[in-house]
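Worksheet: one structure, shown below.
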């Protein structure tokens, strides 16, 4: 039996948008922008894209105070990872990201998928990941649950990276009561890149196809970006379905396939973007926004691992190990190794 989605009128009357993380003011702004009440899928799309995790709506004023340009900065904010020139035609790519809330609810997978996401951010730039680091904060060290979180988080970080062949070369941890129910799990990935291989996450060129590459889409991680932006509550701690499940061995295949395209088939590649927080909706809208263009996605063609998935679920799923590629419309698909070793579908 199919689930019946709430109507636009029900969403407004019952304030269901608040369950998705939107305030009344934000909901009213959405109505003003699209000049009508949003349906269930549209409400979900706005909620994840306007979450703190995706939009940085609360932290932008602080982040803007940091320097982002310089003679050696090859890539600043706006792409999947930063890149600094180290000479001899080489650059170092790096990404730091938090996975705090997921790691409190499901510490092993929360930490592991945080690692997987930043690894994808780094190799989507064209860099080969070479090292992992982390910075962790937990509650009182003699607390039983703190010990459990510490063991599982460290195992998740190391387990994912080791399975791909990327060592964790350093880290630091501190304990304080203020982190008892709000641990900080910051992971960092460092990669090496030739300057000529730097990529952009953009969808340029009318008629160019968008290719979905990687694992199939499931129902895990739906509204993960919203969950990661919310404050903890007793109810929130039960939202394990919002925590993604990682497969590092698929990530290894994805890494090698994408780097093969970047290094050996650059003539057909227009842009490449990780499907991370907010999944397909975030990655596709980011690629379109950077190019100043629009995208049409054929949702019937999204590879799914579960039957009966709605457009809402497919767009907001945060299933791991997935990428979007924009390629030239006259490309020779047989030249792409992606189609030979994993799911590859034109949207």
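Residue numbers (the working numbering): 1269 to 1615.
Don't be surprised by glycine CBs; every beta carbon is placed ideally from N, CA and C.
Spatial distance of residue i from residue j (CA atoms)
| i | j | result |
| --- | --- | --- |
| residue 1456 | residue 1399 | 8 Å |
| residue 1269 | residue 1329 | In this prediction, residue 1269 has a pLDDT of 41, which is less than 50 and means its spatial position is unreliable; what the coordinates show is noted afterwards. C-alpha separation (whole angstroms): 47 Å. |
| residue 1530 | residue 1473 | 18 Å |
| residue 1482 | residue 1595 | 16 Å |
| residue 1564 | residue 1588 | 22 Å |
| residue 1317 | residue 1416 | 33 Å |
| residue 1370 | residue 1489 | 10 Å |
| residue 1357 | residue 1537 | 21 Å |
| residue 1327 | residue 1598 | 42 Å |
| residue 1404 | residue 1389 | 21 Å |
| residue 1306 | residue 1298 | 7 Å |
| residue 1467 | residue 1350 | 11 Å |
| residue 1447 | residue 1355 | 41 Å |
| residue 1480 | residue 1344 | 26 Å |
| residue 1555 | residue 1429 | 27 Å |
| residue 1304 | residue 1285 | 15 Å |
| residue 1522 | residue 1541 | 12 Å |
| residue 1321 | residue 1545 | 8 Å |
| residue 1275 | residue 1577 | 18 Å |
| residue 1374 | residue 1581 | 21 Å |
| residue 1338 | residue 1353 | 10 Å |
| residue 1421 | residue 1411 | 15 Å |
| residue 1280 | residue 1295 | 9 Å |
| residue 1572 | residue 1551 | 17 Å |
| residue 1583 | residue 1549 | 5 Å |
| residue 1568 | residue 1558 | 25 Å |
| residue 1341 | residue 1334 | 14 Å |
| residue 1387 | residue 1301 | 35 Å |
| residue 1465 | residue 1332 | 28 Å |
| residue 1381 | residue 1436 | 15 Å |
| residue 1282 | residue 1462 | 53 Å |
| residue 1451 | residue 1423 | 16 Å |
Beta-bridge partners of residue i, as assigned by DSSP
| i | result |
| --- | --- |
| residue 1537 | 1595 |
| residue 1454 | 1366, 1403 |
| residue 1590 | 1482 |
| residue 1542 | 1591 |
Segment limits, alpha helix (DSSP H) that includes residue i
| i | result |
| --- | --- |
| residue 1516 | 1516 to 1532 |
| residue 1563 | That residue, residue 1563, is in no alpha helix (DSSP H); it is neither H nor E in DSSP. |
| residue 1582 | 1579 to 1584 |
Three-way DSSP call (helix, strand, coil) for residue i in this model
| i | result |
| --- | --- |
| residue 1549 | helix |
| residue 1438 | strand |
| residue 1460 | strand |
| residue 1482 | strand |
| residue 1570 | coil |
| residue 1465 | helix |
| residue 1607 | Low confidence applies to residue 1607: its pLDDT is 48, below 50, so where it sits in the model is not reliable enough to give any reading. |
Cβ-heavy atom distance, residue i to the ligand ADP, below 7 Å
| i | result |
| --- | --- |
| residue 1587 | This structure lacks the ligand ADP, and indeed carries no ligand of any kind. |
Identify every run of the alpha helix (DSSP H) within the region 1328 to 1416, keeping only runs that are complete inside it and at least 4 residues long; order them along the chain. Within the region 1328 to 1416, the complete alpha helix (DSSP H) runs of at least 4 residues are 1328 to 1331, 1368 to 1373, 1375 to 1392.
What are the uninterrupted segments assigned as alpha helix (DSSP H) that are 4 or more residues long and contained completely in the region 1276 to 1336, given in chain order? As summarised for the region 1276 to 1336, the continuous alpha helix (DSSP H) elements at least 4 residues long and confined to that stretch are 1276 to 1281, 1292 to 1302, 1308 to 1317, 1320 to 1323, 1328 to 1331, given in chain order.
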